[in-house]
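> For our numbering, add 20 to where a residue sits in the sequence shown, where the first one is 1.
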Amino acid sequence: MATSSVNPFNLSDSDEEAEQQQNVVDTEHGSSSDGAVGPPSGPISPQTDAAPATLLCGSSRTSPSGEAVTVAAAISLEARVPIDLIAAQLLRDQYVLTALEFHTELLEAGRELPRLRDYFSNPGNFERQSGTPPASKEQGQMLGQGQPGPLNRAGSISTLDSLDFARYSDDGNRDTDERVAESEVPMQERKNYKSSPEIQEPIKSLEKRALNFLVNEYLLKNNYKLSSITFSDENDDQDFELWDDVGLNIPKPPDLLQLYRNCGNHVISSKGVVDIAVGVEIEDLQPPCISNQDSFPKEQVQQTAVIEELEYQISLLNSDKQSLAEQMKKLQSEIEFLKNNHLMSTLTVLESGKHALDQVLQTVPVGNGQYLEITGSDTVDRTLPQENCANSLVSNSTADSECPSTETQSPHYTNIRHQTTMSKEPVQFDKSNRKLSPAFHQALLSFCRMSADSRLGSEVSRIADSEESVTLMLGRCLPHIVPNVLLAKREELIPLILCTACLHPESKERDQLLHILFNLIKRPDDEQRQMILTGCVAFARHVGPTRVEAELLPQCWEQINHKYPERRLLVAESCGALAPYLPKEIRSSLVLSMLQQMLTEDKADMVREAVVKSLGIIMGYIDDTDKYVQGFELMILALGDPSERVISAVHQVFIPAFAAWSTELNNLQSHLIPTLLDRIEKLLRDGEHGLDEHKLHMYLSALQSLTPPLFAVVLQNAPFTSKAKLHGEVPLIEVTRFPRPASPLQDVAVIIGSREQLAVLLQLYDYQLEHEGTTGWESLLWVVNQLLPQLIETVGRINVTSTTCVHEFSRFFWRLCRTFGKIFTNTKVKPQFQEILRLSEENVDASAGNGILTKATVPIYATGVLTCYNQDEDRKLLVGFLEDVMTTLSLSHAPLDSLKAAFVELGANPAYHELLLTVLWYGVVHTSALVRCTAARMFELLVKGVNETLVAQRVVPALITLSSDPEISVRIATIPAFGTIMETVTQRELLERVKMQLASFLEDPQYQDQHSLHMEIIKTFGRVGPNAEPRFRDEFVLPHLHKLALSNNMQTVESKRLDIATQLFESYSALACCFISEELMINHFLPGLRCLRNDMEHLSPEHEVILCSMIKECEQKVENKNSQEPQGSMSIAASLVSEDTKTKFLNKMGQLTTSGAMLANVFQRKK
């Protein structure tokens, strides 16, 4: 007996059952023909005489023990229903427990029924869920009005403890394991029924998501990480890190282990139910259920049972009919495919005439575009008439003649195809001389262990014999292969997916394959994305723009809002990679809109970076001039992105590509650059009270990136362009000729076409500028006559104190001059600056000249133009310019902000430190005290960036020279520089020399009445004291501040006393935040504060309130030290109090302008 499930409703399981079925049919014929009502003429079944007849006409009951009570109706003994018919009715209506009890009773009586024996001995009947067919109308009529209908019971399902695993073992004893004792079957099936669950309903979506979450949690907790990754990838629509993503409005349940342990302890609250026994008496039955000749003839009972059985078989046959119809449709589609792909081998088979059938049975047709069947290969040809075969040959020849040329196929591929076609001939097998019938052969071969029923079995049983069939096979198999491949190795499937998607004839299958490609990896890394993009480009090259638009772009559009940024990044990169292979209308419409949406809405920096790069590629291929304005707006939008990596991509890709398009449209000099300059000017006009430096940087950086394309336009539109021929030896281009480009797209050689062509053009360019001029050179004249004057005018509006603005414009001019060359800088740029600055001696006192010298034009010209080239004459020109500016500003008593800005910008580069010291030495030895004073103040700016060797060798000697200058103003001007040295230098010898010089200022009697000197020293102490060496602060700064405060109490001039007191207050406020030892606190700091309080008491009561609070705080710190620590040590708590004082003081210092009532509580400790 086969292991497959036994159909309990097939009434021909045995010869005995067939005889029973025939008897029933004969009975029906007899009753219908004669019209007589009576018992059949012969026995209905072998069991008729011994077994009582039963009919499903009453109620049934169940008990906890799993036993069943049989239901019987009292029918006349003359009319007996066949026992097998009753068994079939019970099994069909899923009264399994009743059938089991019936089977047990028959066994005890020694009358085993084959149908029940086969059903209960096959565990396959209990391993699947089986539905209960609806009750028939006749059955409902047989039930009384007051009787309840039959209970719907679940089919008996085998459980783990009831399955006989030995039946499925591989130990070779299967024949003995399959034999189960008949006496054990009833108890085993009762146990199965008792422990079996109810038939499960189809799983719901929320239930599936909840179980998926718990399963993934279990895999992670038990270190099944690889399985967890694969499981998560198979359910990519669910976030396994968040329970709320499941969608159930309940807390997270316990894990699977806890649920498993508690499943047996789950208590179901049930209503009060009592099991009772129910018996049926014959006289209690309803009249419709009592069989009599008047109301319910016996023939009708038999016919009803037979009709129900036949109706159920009809339903089964209808379902089989539907499945066969689907198979027929599939076969018809395969037949159509065969018609279009028959080769000459089929003609050979047809010409064999009467031997066609034998030929088909022994050979395998090839080249038909279908598969070579391992089993049942003759079925295809049997379904095809010879006329259809002939028609297929004609259509095939027509299709071959109309087939387009394979331009996209490689010669190697075409050669292989030709060889394959020529070599395909019918395969011949040796005929057997045995005279066996084909049916016997088929039955004999059925014992081979082959499985063609499943999907995989059907694929394995057929071998593809052509390229088309291989493609079809891959299209069917790949969707099942991909989910079972490890994530780390899925990129290996990309060639298979792409080739299948390219060659598959059905668009639906192609879409599915491309969907698999874009969803192949949950979060593809950089290398995996590159592989996918490479495949997409290869696909696009093979299929052409129409299919790219119809098949690839929809996949990108579907994932434009994917929750994983890596997938959105793949979309952004795909738009750029596919741009050359798309229809031009799609580039400028759909793709541009997609990228614009992602640029404005996506929150991931790496996605927007890829979007900007793809936009640049689109700008390189776009043809629609109406999209120019949109491209400019996208450039401005991308430049304003908060991410540095996005801005870098704009300069590397987008701006060069957009500039190339502007050049083709002649908009670079007419629109793009002028628009940016206008925006800069508007920004400067609107920013008089607060300049938006970020936007200024944005626009100036864009102008810098446009400088190489502008120079390329100048070269390509020069008068000598027609003379630029590559012949002979090509001159070399200096490595430092151009600034280093941010990307290859900003390389002038790439823009021109080649480095050799650029070398020839540069040689002609320099010669033209030096000897022939710019007459007729419109593109260069625009730069000289419009761009440079507008830039210089804009520079004059910049606030010179804005270090950022000065730096940005300096960089732009430096890049502009380096790109256009030294000759252009010397002959076109420098003269325009020099004309505006007017540095000649006769214009020293001119108000206009002095005015422009105080603008940002000075530092930008010095750092952006004069530093472009570093030869001796260039350095001399820079030194002379700075000396002239210093002299002019000093002698005209003008502000030194422009000179300071130039020194700060140049001092940031160590290469110019020697040059700046040379300029300052010029001021040190200048005959004018004003110039010497300016030089002394400039040392303060230079000391911070110069190394200590130069400070010791060049700065300190110059300052000591100036400190002995006859003019007191020059000596005072050196004090800030000495203080900066004390703040930045660590060499002990230098510090001692500076300390001695400052001490001479404080202790020399000639300076006792120098109010300006004292003011400068106190201001310097307050600035450098917190950052200076602690020893210098403790031994020098604090004691001298105490002396100055004490001497200020005796100052008779009230204005001078107030100036010194105010400056002392600022210095003490800054030093109060420093760590001060107890000894210094008692000996110098507190006494100095008390002296200062005496001054402020009369001069500034508001300051006096703050000083009282400061003194109180310091006194409390001293008291805390004495009470908490041994003498001479400092506790951590005291240091924390000092930090607390520092913080509070800095927060409260801004309240000096408030009322005295508020100031009185500034230094009060919070309770």
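Here a beta-carbon is modelled for each residue, glycine too, at the ideal position from N, C-alpha and C.
1) Using 8 Å for Cβ pairs, my map puts Phe1021 next to Leu1033. What's the rounded Cβ distance?
2) Hey, would you say Gln579 sits closer than 9 Å to Leu590, going by beta carbons?
3) Can you tell me the Cβ-Cβ gap for Thr1000 and Glu960, rounded? I've got them flagged as a contact below 8 Å.
4) Compute the Euclidean distance between the alpha carbons of Leu898 and Leu598, then round it to the nearest angstrom.
5) Once the 5 residues before and after Pro273 are set aside, which same chain residues still bring their CB inside 8 Å of it?
6) By DSSP, does Leu540 sit in helix, in strand, or in coil?
7) List the whole-angstrom C-beta distance separating Ala1019 from Val990, where the pair is believed to meet the contact cut-off of C-beta under 8 Å.
8) In terms of residue numbering, what span does the alpha helix (DSSP H) encompassing Thr814 cover?
9) Tell me whether the beta-carbon of Glu329 lies closer than 9 Å to the beta-carbon of Ala119.
10) Does the contact criterion of 3 or more C-beta pairs under 8 Å hold for the region 784-804 versus the region 887-896?
11) Check whether the Cβ atoms of Leu506 and Ile517 lie closer than 9 Å to each other.
12) Using 8 Å for Cβ pairs, my map puts Ala922 next to Thr883. What's the rounded Cβ distance?
13) Ala744 and Val768 look like a contact to me (Cβ under 8 Å); what is the Cβ gap, rounded to whole Å?
14) So, with DSSP's three-state summary, where would you put Gly1042?
15) Would Asn805 be called buried (16 or more neighbouring beta carbons within 10 Å of its own) or exposed?
16) To test your reading of the DSSP string, which unbroken alpha helix (DSSP H) runs of 4 or more residues are found completely within the region 494-555?
17) Less than 9 Å between the C-beta atoms of Thr814 and Ile700, yes or no?
18) Below 8 Å on the Cβ atoms is my contact criterion, and I expect Leu703 with Leu716 to pass it. Report the Cβ-Cβ distance as a whole number of Å.
19) What would DSSP say about Ala744, mapped onto helix, strand or coil?
20) Label Val820 either buried or exposed according to how many other C-beta atoms from any shown protein chain fall within 10 Å of its C-beta, with 16 as the threshold for buried.
21) Considering only the beta carbon of each residue, do Glu526 and Gly495 sit closer than 9 Å?
22) On the criterion of 16 or more Cβ atoms from any shown chain inside 10 Å, does Asn581 qualify as buried, or is it exposed?
23) CA-CA distance, Ile753 and Ile988?
24) Cα separation between Glu664 and Glu629?
25) Rounding to the nearest angstrom, what Cα-Cα distance links Glu1099 and Cys1093 in this structure?
26) Any idea if Asp257 is buried or exposed, counting beta-carbon neighbours within 10 angstroms, 16 or more meaning buried?
27) With H, G and I counted as helix, E and B as strand and the rest as coil, what does DSSP make of Pro63?
28) Using C-beta distances below 6 Å, list every residue in its chain close to Asn687, excluding the 5 sequence neighbours before and after it, in chain order.
29) Please return the same chain residues whose Cβ sits closer than 7 Å to the Cβ of Asp253, not counting the five positions on each side in sequence.
30) If you follow the alpha helix (DSSP H) that Pro996 is in, where does it begin and where does it stop?
31) Hey, how far is the Cα of Met1002 from the Cα of Val1014?
32) Does the beta-carbon distance from Glu776 to Val750 come in below 9 Å?
33) Helix, strand or coil: how does DSSP classify Gly1108 here?
34) Along the chain, where does the alpha helix (DSSP H) containing Thr236 start, and where does it finish?
35) Report yes if the C-beta of Glu128 is less than 8 Å from at least one heavy atom of the ligand MG; otherwise report no.
36) Taking C-beta to C-beta, are Cys595 and His562 nearer than 9 Å?
Reading it off the structure:
1) With a beta-carbon spacing of about 6 Å, Phe1021 and Leu1033 fall inside the 8 Å limit used to define contacts.
2) Yes.
3) Contact holds; Cβ gap of about 5 Å.
4) The alpha-carbon separation between Leu898 and Leu598 amounts to approximately 52 Å.
5) Closer than 8 Å at Cβ, skipping near neighbours: Ala230, Leu234, Leu279.
6) Three-state DSSP puts Leu540 in coil, outside helix and strand.
7) Between Val990 and Ala1019 the Cβ distance is about 19 Å, and since that is not below 8 Å, they are no contact.
8) 808-815 is the span of the alpha helix (DSSP H), which, as asked, contains Thr814.
9) Between Glu329 and Ala119, the gap from beta carbon to beta carbon reaches 9 Å or more.
10) Because the criterion of three Cβ pairs below 8 Å is not met, the region 784-804 and the region 887-896 do not touch.
11) No.
12) Yes, they are in contact, since the Cβ atoms of Ala922 and Thr883 sit about 6 Å apart, within 8 Å.
13) The Cβ separation is near 14 Å, so there is no contact.
14) Note: Gly1042 maps to helix in three-state DSSP.
15) The residue in question, Asn805, is exposed, as its Cβ has fewer than 16 Cβ neighbours within 10 Å.
16) Here the runs fully enclosed are 514-523, 527-538.
17) Yes; because the gap between Cβ atoms is below 9 Å, this pair is in contact.
18) Contact flag correct, Cβ pair sits at about 6 Å.
19) Of the three classes helix, strand and coil, the one that applies to Ala744 here is coil, per DSSP.
20) Buried: at least 16 other Cβ atoms inside 10 Å.
21) In contact: Glu526 and Gly495 (Cβ atoms closer than 9 Å).
22) Result: exposed.
23) Taking the straight line joining both Cα atoms gives about 56 Å.
24) Rounded to whole angstroms, the gap between the alpha carbons of Glu664 and Glu629 is 9 Å.
25) For Glu1099 and Cys1093, the distance between alpha carbons rounds to 17 Å.
26) Exposed, since its Cβ has fewer than 16 Cβ neighbours within 10 Å.
27) In this predicted model, Pro63 has a pLDDT of only 38, less than 50, meaning its place in the structure is not dependable; the value taken from the coordinates is given anyway. Residue state, collapsed to three classes: coil.
28) Contacts found: none.
29) These residues qualify, in order along the chain: Leu507, Lys542.
30) Pro996: member of the alpha helix (DSSP H) spanning 995-1004, first to last residue.
31) Looking at the backbone, the Cα of Met1002 and that of Val1014 are separated by about 7 Å.
32) In contact: Glu776 and Val750 (Cβ atoms closer than 9 Å).
33) The DSSP-derived three-state label of Gly1108 is helix.
34) Sequence check: residue 236 is Asn here, not Thr. Note, Asn236: alpha helix (DSSP H), 225-241.
35) No copy of the ligand MG appears in this structure; indeed no ligand is present at all.
36) In this structure, Cys595 sits away from His562, with a CB-CB distance that is not shorter than 9 Å.
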